[in-house]
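What follows is a single structure, written as structure tokens, with notes after it.
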Amino acid sequence: MTTRRQLWLDTGRYEAFADTTDVLPAPLTVELLLRAWQAGHVTVDIPDSRGHTPEQRGRVVIPLSDTAYKAAESVVGQRRMSALVDALIAAYMDGTAALAVVPVDPKRLPKRVTLLLAPPPAPTDVPA
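Counting from 3, one number per residue, gives the positions in the sequence shown under the working numbering.
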């Protein structure tokens with residue numbers, strides 16, 4: 003079941019995020035990031051204080067599955083969910099976390115795809 007969650011996020015970042023998610027809708031991307039974080043595939047620092055001025059934060063309503071939301075909430079607590087989602091969106095926006103859409107069966111494209119969360123490539127050591 004999906005529930006519309008009211009989160010207190012950096013509204014400018016969320017709007018930019020929603021504008022850049024061409025392949026997947028923003029709510030689905032947030033849900034996949036939450037699931038990846040819960041599974042340990044993505045790590046983010048959750049700040050104690052968001053450090054934004056009041057005009058940068060605002061209520062954002064995002065439909066998320068109860069399973070993904072409650073699993074993450076059981077780890078960080080209800081009061082930190084907005085900070086977690088904000089941190090995950092920031093990681094996605096700066097390239098620390100990325101989603102890749104990969105076809106499962108070429109004959110069934112584009113109906114069946116699987117999503118893989120991939121960390122950014124490690125920097126290469128170049129001798130001086």
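For every residue, glycine included, the Cβ atom is placed at its ideal position computed from N, Cα and C.
None of these values were measured; they are calculated from a predicted model.
How is the alpha helix (DSSP H) around residue i delimited, first residue to last?
{"i": "L35", "result": "A28 to Q40"}
The beta strand (DSSP E) spanning residue i covers which residue range?
{"i": "T4", "result": "T4 to D12"}
{"i": "V25", "result": "Per DSSP, V25 belongs to no beta strand (DSSP E) and is neither H nor E."}
{"i": "P49", "result": "Per DSSP, P49 belongs to no beta strand (DSSP E) and is neither H nor E."}
Under 7 angstroms Cβ to Cβ from residue i, same chain only, skipping five residues before and after it: list those, please.
{"i": "V62", "result": "L9, L11, T13 and Y16"}
Excluding the five sequence neighbours on either side, which residues of its own chain have a C-beta within less than 6 angstroms of the C-beta of residue i, listed in chain order?
{"i": "G60", "result": "T13"}
CB-CB under 8 angstroms to residue i, same chain, minus the five flanking residues each way: which ones, in chain order?
{"i": "T45", "result": "W39"}
{"i": "R82", "result": "I48"}
What whole-angstrom Cβ distance do residue i and residue j have, given they're in contact under 8 angstroms?
{"i": "P29", "j": "L66", "result": "6 angstroms"}
{"i": "V87", "j": "V32", "result": "6 angstroms"}
Measuring alpha carbon to alpha carbon, tell me which residue in the options is nearest residue i.
{"i": "G97", "options": "F19, R6, M3 and K72", "result": "F19"}
{"i": "T4", "options": "I64, A92 and T22", "result": "I64"}
{"i": "A89", "options": "A41, D21 and D50", "result": "D50"}
Checklist entry - Which parts of the stretch 75-103 are runs of the alpha helix (DSSP H), unbroken and 4 residues or longer, counting only runs that do not cross its ends? => result 83-96
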